[in-house]
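**Q** For the protein sequence lines, the chains are A and B, in the order given. Note that the numbering used here numbers the first sequence so that position 81 is 117, with each residue one more than the last. Note that the numbering used here numbers the second sequence so that position 192 is 1209, with each residue one more than the last. Note that beta-carbon positions come from the ideal geometry of N, C-alpha and C, so glycine has one too.
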Amino acid sequence: MTPNLVYVLTVGALFAAGVTLLLERSLTRIVMGVVLLGNGANLLILMGGRVGGPPIVGTTPEADMSDPLPQAMVLTAIVITLGMTAFLLALAYRSWHLVGHDEVQDDVEDRRIMMLADRDEGPGIAETGDDDGEGDGADRRDGDRAGEGPAAAATPRRAR
Amino acid sequence: MTFLVPLPVVLPLLGAGLTLALAGRPRAQRTVSLTVLTATLVVAVGLLAVSSRHGPQVVEVGGWAAPLGIVLVADQLAALMLVVSAAVTLAVLVYSIGQGMADGNEETPLSVYHPTYLVLTAGVTNAFLSGDLFNLYVGFEILLVASYVLLTLGGTENRIRAGTTYVVVSLLSSVIFLSAIGLVYAATGTLNLAQLGGRLDALPDSVRLLLEGMLLLAFGIKAAVFPLSAWLPDSYPTAPAPVTAVFAGLLTKVGVYAIIRTETLLFPGGRTAELLLVVALLTMVVGILGAVAQSDIKRLLSFTLISHIGYMLFGVGLATSLGLAAAIFYTLHHIMIQTTLFLAAGLVERRGGSTALDRLGGLARVSPLLAVLFFVPALNLAGIPPFSGFLGKTGLLQAGVSDGGALARALVAGGLLTSLLTLYAVARVWNLAFWRTSHPDMPGPDDTTHTSRVPGAEQPDRQPDRVAHSGAMLPRLMVGSTAALVVLGVGLTVVAGPLYDLSRQAADDLRDRAPYVRAVFPDGVP
């Protein structure tokens, strides 16, 4: 396909929107981002091939045929994207089921750092909050980031 | 003998289908999986023998001729990787069977375990054998999708949390890879690796650099190279022990393999050699500093895994025959050793009820066998003389010194430092978990109250069934398979001479490019 400006811009827009959504915390939006990115990549692949008539011998003279290889690849890629979307949605649903939201949570190291920061700030927290301190860092994300004390965020993380 | 080539992909896939059909019958599932993986191992050994004697073996899938159809190529590098990965997957399967039987939870979600595990194996072997960039992508996707399922097995909260990060990061790398494929096709009109080599050479430098950069970025995420490695220590330790072990051994190495393949076949003498070296240095040093700071065995091992990826990149970045040979040898060694260590960590978790260092102690007295199973691969990883880790590192350092550049010298220093710090890290595990006197906190068989004590650090597994077994004797199958891997790891030293020669030969073929290209296109590249 000749590098048609409309296609190029479409691919660019899809990638930009996809990346933006991917940076969100909510899994549902991440799914959207993945779908947009996947479609952007698929269009990009299609752009790599020659444009023309259907590549079936007998219907189109060979010189006018479009390039069938990118189309075949895109088909595979679409199927993979579909499967991934389904899996991500299942993950989001399971996450909502377990913790009541579908936000991506901080990793262990982040929580540890956040907890150290908490200790530095609040003198009252440091001495008492040792043993059950583990949940606090995480729960801050669950509830509110407005700065309620860890004691308030007593979400039963491992209630099961 | 070309009929052997597709078998390592076909057998596990067939097995996956069969085990899925046998979902309600764990014993039949086990038989099928064991048979299939044993057969894969035998085929892989056969392929290694054939390819080292008669050159790369090529199969045109479906009978479609090379540039249009997809080819599977088993050259020496691929065959070597196949043999080691088949051995490792088989051992881990035995281990997980042992664990499942001991836990008595044969029915719980594990009916999907066997099919998924076999699909993972098929993805790995497909990636190794692929002679086509898009098929490589498909191989990656197969193994990634299987790994998503294995990582979130059971759907507990921790695993969902860790799985989310892992899935999103992997998806991003897949999209980058896919876009790179689209661009490569647009620029060259082919995706056949053998054909691409020549066509990419003809491209303008800037385009070539862009394509190489995108591919390296995609593979770098998969291989957990330093700035792109943050996802690994967060996600791996939450999975069940055998899953973590096989991930640690194989998945990152598939990324390393893809880097080796593209750097030698597609972009030889590229301008990214220096970048690779810098990144290798950072990966080594930053990774091992992370390991030193950890207080949980599984997380610590995850960081050493990242760190040692740096060694392999070091060899690839040098791109000399010596460097590549050492990198290949080191990759083989590391697949074996890292898997063994994670399996041993799984045993520690079983015996001591935890992998947190501040709650373990006296394991050497409680279970001397376990101590040996951890100690030997740990020293091997750190590169203590008679072991293969020492030989691999020596090879890399020799390659670095003979390269002679300032950057190579810095890497030699970095490699030595990393080796020393690795020794420190594993020695710390040894001292705290095994050597010191028994810890009062070591839980008894039915003690589950301690599981959430360590602030911030999540215990990798909270399934009550596993904790409840913590005081029990170690299941024989689990110990047996770990011991087998330990012995194999030591055996690498015994066969180091021939193995190094094979790696050397593979490296020379890679640098030459001609044997690979000639095998795919016997009548000249179209």
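I need the DSSP call for B/ASN1175, collapsed to helix, strand or coil.
**A** It is helical.
**Q** Please work out which residues of its chain come closer than 7 Å, Cβ to Cβ, to A/ARG194, disregarding the five sequence neighbours upstream and downstream, and give them in chain order.
**A** The predicted position of A/ARG194 is uncertain, since its pLDDT is 40 and thus under 50; a value taken from the coordinates is nonetheless stated next. Within the same chain, A/ARG194 has no close Cβ partners at all.
**Q** Looking at B/PRO1543 and B/PRO1084, is the spacing between their C-beta atoms short of 8 Å?
**A** Their beta carbons are under 8 Å apart, which means B/PRO1084 touches B/PRO1543 by this criterion.
**Q** Let me confirm a value: B/GLY1409 is counted as buried when at least 16 other C-beta atoms fall within 10 Å, else exposed. Which label applies?
**A** Its Cβ being crowded by 16 or more others within 10 Å, B/GLY1409 is buried.
**Q** Applying the criterion that 16 or more other CB atoms from any shown protein chain within 10 Å of the CB defines a buried residue, is B/GLU1627 buried or exposed?
**A** With chain B running from 1018 to 1543 in the structure shown, residue 1627 of chain B is simply not present.
**Q** Can you give me the C-alpha to C-alpha distance between B/ASP1463 and B/LEU1491, rounded to a whole angstrom?
**A** Only weak support exists for where B/ASP1463 lies, its pLDDT of 38 falling under 50; the value from the coordinates is given anyway. Those two C-alpha atoms are separated by around 16 Å.
**Q** Quick check: is the beta carbon of B/ASP1251 nearer than 8 Å to any beta carbon in chain A?
**A** Yes, contact with chain A.
**Q** Hey, out of B/THR1019, B/GLY1363, B/TYR1154, B/GLY1307, whose CA is closest to B/GLY1080's CA?
**A** The shortest C-alpha separation from B/GLY1080 is found at B/THR1019.
**Q** With a threshold of 16 other CB atoms inside 10 Å of the CB of A/TYR204, please say whether the residue is buried or exposed.
**A** Outside the shown range of chain A (37 to 196) lies residue 204 of chain A, about which nothing can therefore be said.
**Q** In terms of residue numbering, what span does the beta strand (DSSP E) encompassing B/LEU1089 cover?
**A** First-last of the beta strand (DSSP E) with B/LEU1089: 1088–1091.
**Q** List, from N- to C-terminal side, the beta strand (DSSP E) runs of 3 residues or more that fit wholly inside the stretch 1035–1100 of chain B.
**A** Fully enclosed beta strand (DSSP E) runs of 3 or longer: 1074–1077, 1088–1091.
**Q** Exposed or buried, which one is B/VAL1101 when buried takes at least 16 other CB atoms within 10 Å?
**A** Buried: at least 16 other Cβ atoms inside 10 Å.
**Q** Are any of the Cβ atoms in chain D nearer than 8 Å to that of A/MET83?
**A** Within the model displayed, chain D is absent; protein chains A and B are what it includes.
**Q** Is it a yes or a no for the stretch 1283–1295 of chain B touching the stretch 1388–1402 of chain B, going by three-plus beta-carbon pairs under 8 Å?
**A** No, the stretch 1283–1295 of chain B is not in contact with the stretch 1388–1402 of chain B.
**Q** Hey, B/GLY1340 and B/ALA1442: beta-carbon distance below 8 Å or not?
**A** No, Cβ-Cβ distance for B/GLY1340 and B/ALA1442 is not below 8 Å.
**Q** Give the single residue among A/SER62, A/LEU105, A/ALA52 whose Cα lies nearest to the Cα of A/VAL87.
**A** Closest by alpha carbon: A/LEU105.
**Q** Any heavy atom of the ligand ATP within a distance shorter than 7 Å of the CB on B/ILE1193?
**A** The ligand ATP is absent from the structure shown, which contains no ligands of any kind.
**Q** Please go through the same chain and pick out, in chain order, the residues whose beta-carbon is closer than 7 Å to the beta-carbon of B/THR1372, but skip the five residues on each side of it.
**A** ASP1313, ILE1314, LYS1315, ALA1362, VAL1365, GLU1366, PRO1477.
**Q** Identify the contact partners of B/THR1182 in chain A, using a Cβ-Cβ distance below 8 Å as the criterion.
**A** Correct list: VAL140, ASP143.
**Q** Report the neighbours of B/ARG1178 on chain A: residues whose CB is nearer than 7 Å to its CB, in chain order.
**A** Those within 7 Å of B/ARG1178 in chain A are GLN141.
**Q** Given that A/VAL87 touches chain B, what residues does it touch there, using C-beta distances under 9 Å?
**A** Within chain B, no residue comes near A/VAL87; the closest Cβ sits about 12 Å away, beyond 9 Å.
**Q** With DSSP collapsed to three states, give me the class of A/GLU170.
**A** Residue confidence for A/GLU170 is low, a pLDDT of 43 falling below 50, so the modelled location carries little weight and cannot support an answer.
**Q** Indicate whether B/LEU1232 and B/ALA1204 have their beta-carbon atoms separated by less than 8 Å.
**A** In this structure, B/ALA1204 does not lie closer than 8 Å to B/LEU1232 by Cβ.
**Q** I'd like to confirm the pairing. Which residues does DSSP put opposite B/THR1357 in its beta bridges?
**A** None, per the DSSP bridge assignment.
**Q** The alpha helix (DSSP H) spanning B/SER959 covers which residue range?
**A** What is shown of chain B runs 1018 to 1543, which leaves residue 959 of chain B out entirely.
**Q** Does DSSP classify A/ARG196 as helix, strand or coil?
**A** At A/ARG196, the pLDDT of 36 sits below 50, so the modelled position is not reliable; the number obtained from the coordinates is stated separately. Of the three classes helix, strand and coil, the one that applies to A/ARG196 here is coil, per DSSP.
**Q** Tell me A/MET101's beta-bridge partners as DSSP assigns them.
**A** A/MET101 pairs with A/GLY89.
**Q** A/PRO106 versus chain B: which residues are under 8 Å apart at the beta carbon?
**A** GLY1199, TYR1202, listed in chain order.
**Q** I'd like to know if B/SER1196 contacts chain A, where contact means its C-beta is closer than 8 Å to some C-beta of that chain.
**A** So, interface residue.
**Q** One question on the structure: do B/MET1301 and B/GLY1432 come within less than 8 Å of each other, judged by their Cβ atoms?
**A** Yes; because the gap between Cβ atoms is below 8 Å, this pair is in contact.
**Q** Along the chain, where does the alpha helix (DSSP H) that runs through A/LEU152 open and close?
**A** A/LEU152 -> alpha helix (DSSP H) spans 144–157.
**Q** Between the alpha carbons of B/ASP1482 and B/LEU1449, how many angstroms are there, rounded?
**A** Because the pLDDT at B/ASP1482 is just 40, under 50, the model does not fix this residue reliably, and the value given afterwards should be weighed accordingly. Answer to the nearest angstrom: the Cα atoms are 26 Å apart.
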